[in-house]
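Following: one structure in structure tokens, then a few remarks.
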Amino acid sequence: MAVNANGVVLNEGILDELVPEVVASIEKSMLGFHVRKLAEAEATKSSVKTTDLRIGATQILSKCGLEKRIQNAVYKFLQTYTTKPHPDVSLDHTKEPISYIRRAQMNWEKRILKSMNSMCTELSVPLGRKRPDKEQKEMLLKWTELGASEPDLSKFRPVYAAKDFLDVIMSLKNTNQINCSDNSVFSCYWGIIQVPLKVKDIWELQIQFSEMSINQSQTGVDDAVEIPPELFESERSKLACGIIQAQQIALAQEFSKKGCPISHRSAIWCQILGIEVEDIDILYYEQLKNCVFRHDLLVDNLVYKDVKLTTANDDQYFVFEDYIYQILLPFSRDTAVLRHFVQSSASPARSFIRGKFGSEEFMVYYPPNGIIPFHGFSMYVAPLCYIYNDPVVLYYVFREMYIRYFFRLHTLSSHPQGIVSLCLQFETLLQTHEPQLFMHLKAIDVQPLRIAFKWLIRAFSGYLASEQVLLLWDRILAYNTLEILPVLAAAIFSFRKTNLMQVQTLNAAEAVLVDLLTLQVVPLIQFMLFTQPSKLS
Amino acid sequence: MKSLYCIVHPSMPVGFADDGTAFNSGCTIFNVTFPKTAYVEVEEIHFRNYYVAYLTILARKHGSGKGEDRREWRPCLRSKQLMPLPHCEQGSEDYFVIRAQDCLFPLTNIVELRFVLRQPSPVWKEFKVEELQLFKAGAGGGSKDVTLPAWISELGSEKKEGDDRQLKGVTSVVELSKQVQQLWALTEQANTSQTSASLGRYDIDGCYDINLLSYN
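Chains A and B are the protein sequences, given in the same order.
Okay, so the first sequence: first residue is 1 according to our numbering, each after it adds one.
Okay, so the second sequence: first residue is 1 according to our numbering, each after it adds one.
Shown next, in the form of structure tokens:
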């Protein structure tokens, strides 16, 4: 019986119940429009008899490839389906069932709002305003070279950085939990995270990532320059072409478990994420662009500041600076992103126009997509610039990746793939498999998570070589989980153990781990997962 | 379904009979009684968990047959697992629904219920069940009075043509409605095929002038 990414068991009963919902969701989409148009065209043909209509319509759908698209739409629906909560359950509880984590997230959001409001009042800059026509025309002219303009950003400061968020995570405490120092039965976790969430152990991870085991050829290992291509690389490329032609999400995901060849990555990722850019999508992107011209938001300045501080300073990504503005500025105006808040423990910030605080008819979300970018946010887009050169396709790929995965990296939640669980998983893996290293670092007052946190929150973007980041993100898409990130983080510590055992200060430890550009992710993950002694021995 | 009026008695931890030895047994019990009726039929039990790992429910029935001990407690739900891992947070604050069909016997003629809460992990300070509500099966469907609209009773009764004319010179209502029918069908179709997809507008009448964010 299949279990989807949200833990829903997809047995016969549930599948039967879901049929009307799946049909309704396809009918509303562009795919439904195409199916209807084709079926109507077929039905009006004089050669078709009414008794054969159903069979004829089904045949024409499979001939035009729409049957595969319908299969993909059903698969995507089932993968992202969550059971409807019981009517007693409030929306807050569905987003985050554990009360103290929910409260912590609310308090954190309040702090961010206060920071935004104080920045607003100190600098006398409105959060949102309509751009004058002249300014709109100027912006239209320089849309593709926004990086060339140097607005005065000195007064703006990022709302928060990774370090601030780590402090909040550290302060998470369940008041119903026994204080470990009081109770001799239960000992504390060694690391920073004291929240008792369930994380997978190494054997469960071995099963989950079994296709990455050492005895199986991988992209990222066996397609290296030294190895003759006929052993692996050419076969892999041929298989990739076949997968792209087959146009099935499940196949593309299964294929990506061993990595995607560089030349085929763009098509395979689009398949896995279910992205098919049609005219209406291009129109939607143009609409978002017009929204950027029409209204100027404070959040835009935060985006500029972030890009100037991070992406534009990075040797690997500075060339894409203009591109990133073309993605992030429309992203802030995209109200379709608001639907992901149902799954997230976060809530979008609200405001009221014309000073009419309290009246619902003047309520708006700020920014329109509800997401306030933090320092390093643009690094979620940067690696994708190597794969897609069309900004429209890049936009939709980034948006889908954000609402499926990246939002979990900067919100407090008890979800197994939330940042809190990922941090705990990293610490648990390191504590279990490198106890000597962990104790040494603890003895010199260096918590490993303080160094690894910035890697986790950015999904390693900007810390590894770009191709390595993409190989890592191949696996995130293929296995549909972020749990590979703490595995890699623990593997890096384990790999540099010899040097780390000799350091005596935090600065020295950070110096050992500052340069990761030469690391290769796939062998490291294999080393961490598949060279541990077996449970049976 | 209708909510049942009940009294939830305070919970008592299970321990030794003598007060001298204090220890956390990880088990508490509370009873639920129904003061307003002699006995009830329970269809569903709703509650919110607070760090309970296993729940057992015992029921005392209204004695019917001879020889049946009226004070006998019978388990109707044995050790239902609320938290898959008692040391971890998973399931600790979830909402649960226990239906009559999940129980070992139908919950009819119930006089009293006993909830046995167990939490074997020493990690947690307290554990309990909150927002407990019991429901009985509602009245059968279709008992609502449905009044037929007046025009249905007029069907089949033949009115004379002349009676229809309300205005001089205008054709009768019946004739008009026959001609307008196509138009009406088109408007109905337009109504039903309205898309629920949003337009993506974030502003209100073009205005998005904001100065402060709201804290609520």
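Positions of the beta carbon are idealized from the N, C-alpha and C atoms, including for glycine.
Query raised in the report: Residues of chain B with CB under 7 Å from T335 of chain A, in chain order?
Result: Within chain B, the residues placing a beta-carbon under 7 Å from that of T335 of chain A are S198, G200 and Y202, ordered along the chain.
**Report entry** Unbroken stretches of the beta strand (DSSP E), 3 residues or longer, contained in the stretch 252-310 of chain A
**Finding:** When DSSP assignments are scanned along the stretch 252-310 of chain A, the uninterrupted stretches of beta strand (DSSP E) that are 3 or more residues long and fall wholly within it turn out to be 295-297.
Requested in this report: Verify whether the separation of the beta carbon atoms of I282 of chain A and V337 of chain A is less than 8 Å.
Outcome: At least 8 Å separates the beta-carbon of I282 of chain A from that of V337 of chain A.
Query - Residue burial classification, N24 of chain B (beta-carbon count within 10 angstroms, cutoff 16) - result: Classification for N24 of chain B: exposed.
Report task. Verify the CB distance criterion: does N211 of chain B have a CB-CB separation below 8 Å to chain A? Result -> Yes, because at least one Cβ of chain A sits closer than 8 Å to the Cβ of N211 of chain B.
**Report entry** Helix, strand or coil at N49 of chain B [DSSP, three-state]
**Finding:** When DSSP states are grouped into helix, strand and coil, N49 of chain B belongs to the strand group.
Requested in this report: Just the chain B side, please: which residues come within less than 7 Å of L197 of chain A by C-beta, in chain order?
Outcome: In chain order: C88 and E89.
**Report entry** Opposing strand residues paired with M363 of chain A [DSSP bridges]
**Finding:** Under DSSP, M363 of chain A takes part in a beta bridge, and its partners are A:F352.
Report task. Output yes or no for whether 8 Å exceeds the beta carbon distance between S421 of chain A and L197 of chain A. Result -> In contact: S421 of chain A and L197 of chain A (Cβ atoms closer than 8 Å).
Query - Span of the beta strand (DSSP E), counted from its first residue to its last, around E112 of chain B - result: Here the beta strand (DSSP E) through E112 of chain B covers I110 to R118.
Query raised in the report: Can you find a CB in chain A that lies within less than 8 Å of the CB of V97 of chain B?
Result: For V97 of chain B, the nearest CB of chain A lies under 8 Å from its own CB, placing it at the interface with that chain.
Query raised in the report: Closest Cβ-Cβ distance between Y215 of chain B and chain A: below 8 Å?
Result: Output row for Y215 of chain B: interface = yes.
Requested in this report: Can you have a look at N49 of chain B and say buried or exposed, based on whether 16 or more other CB atoms are within 10 angstroms of its CB?
Outcome: Answer is buried; the Cβ neighbour count reaches 16.
Requested in this report: Using a Cβ-Cβ cut-off of less than 8 Å, give me the residues of the stretch 329-353 of chain A that come near chain B, in sequence order.
Outcome: Contacts with chain B (Cβ-Cβ distance below 8 Å) from the stretch 329-353 of chain A involve R333, D334, T335, A336, A349, R350, S351, F352 and I353, listed in chain order.
Query raised in the report: Over what stretch of residues does the alpha helix (DSSP H) that includes K114 of chain A continue unbroken?
Result: Start and end: S99 to L123.
Query - Residue range of the unbroken beta strand (DSSP E) whose run includes T33 of chain B - result: Taken as a continuous stretch (DSSP letters only), the beta strand (DSSP E) holding T33 of chain B covers C27 to T33.
**Report entry** the stretch 441-453 of chain A / the stretch 221-233 of chain A touching (three or more Cβ pairs under 8 Å)
**Finding:** These segments do not touch.
Query - Best match in A:G376, A:F331 and A:I275 for proximity to Y317 of chain A [C-alpha to C-alpha] - result: The shortest Cα separation from Y317 of chain A among A:G376, A:F331 and A:I275 belongs to A:G376.
Query raised in the report: Residues in its own chain within less than 8 Å of P151 of chain A by CB, not counting five upstream and five downstream?
Result: Only N301 and Y304 meet the Cβ criterion.
Query raised in the report: By Cβ distance below 7 Å, which residues in the same chain neighbour L329 of chain A in space, the five residues on each side in sequence not counted?
Result: Excluding positions up to five away in sequence, the list reads V292, D300 and V303.
Requested in this report: Kindly identify the DSSP beta-bridge partner or partners of L430 of chain A.
Outcome: Paired residue(s): none; L430 of chain A is not in a bridge.
Query raised in the report: When you compare only the Cα positions, how much space is there between Q90 of chain B and G370 of chain A?
Result: Rounded to whole angstroms, Q90 of chain B to G370 of chain A spans 28 Å at the Cα level.
Requested in this report: Give every residue of the same chain whose Cβ lies closer than 6 Å to the Cβ of L429 of chain A, excluding the five residues on either side of it in the sequence, and list them in chain order.
Outcome: Listed in chain order, the non-local C-beta contacts of L429 of chain A below 6 Å within the same chain comprise A490, local neighbours out to five positions each way being set aside.
**Report entry** Neighbourhood of G26 of chain B by C-beta, 7 Å cutoff - its chain only, sequence neighbours within 5 removed
**Finding:** Around G26 of chain B: R118, Q119 and P120.
Query raised in the report: Q343 of chain A by DSSP, collapsed to three states: which one?
Result: Coil at Q343 of chain A, not helix or strand.
Query raised in the report: Does any CB atom of chain B fall closer than 8 Å to the CB of Q326 of chain A?
Result: False, the Cβ-Cβ gap to chain B never drops below 8 Å.
Query - Where P391 of chain A falls, given that 16 or more other Cβ within 10 Å makes a residue buried - result: Result: buried.
Requested in this report: Can you grab the Cα-Cα spacing for the pair A240 of chain A / S234 of chain A, in whole Å?
Outcome: One alpha carbon belongs to A240 of chain A, the other to S234 of chain A, and they sit about 10 Å apart.
Requested in this report: Compare the C-beta of E93 of chain B against all C-beta atoms of chain A and say whether one is closer than 8 Å.
Outcome: Chain A, which has a Cβ nearer than 8 Å to the Cβ of E93 of chain B, makes this yes.
Query raised in the report: At a CB-CB cut-off below 8 Å, which residues of chain B make contact with G552 of chain A?
Result: Because chain A spans 1 through 537 in this model, residue 552 of chain A falls outside it and cannot be assessed.
Requested in this report: Can you pull the chain A residues whose beta carbon is under 8 Å from the beta carbon of P51 of chain B, in chain order?
Outcome: Position check: residue 51 of chain B holds Tyr in this sequence, whereas Pro was assumed. Here the neighbours are N176.
**Report entry** Beta-bridge pairing of Q133 of chain B - partner residues as DSSP gives them
**Finding:** Here Q133 of chain B is bridged, per DSSP, to B:H46.
Query raised in the report: When you compare each of A:Y396, A:A459 and A:R399 to C423 of chain A by their alpha carbons, which one comes out closest?
Result: Comparing Cα-Cα distances from C423 of chain A to each of A:Y396, A:A459 and A:R399, the minimum goes to A:A459.
Requested in this report: Find the residues of chain B that neighbour M116 of chain A, judging by a C-beta separation of less than 7 Å, and give them in chain order.
Outcome: Ordered by position in chain B, the residues that pass the 7 Å Cβ test against M116 of chain A are L213.
**Report entry** Cβ of L85 of chain B within 8 Å of any chain A Cβ
**Finding:** Answer yes: the Cβ-Cβ gap between L85 of chain B and chain A drops below 8 Å somewhere.
Requested in this report: Compare the beta carbon distance of L470 of chain A and Y386 of chain A with 8 Å and say whether it is the shorter of the two.
Outcome: It is a contact, given that the beta carbons lie within the stated cut-off.
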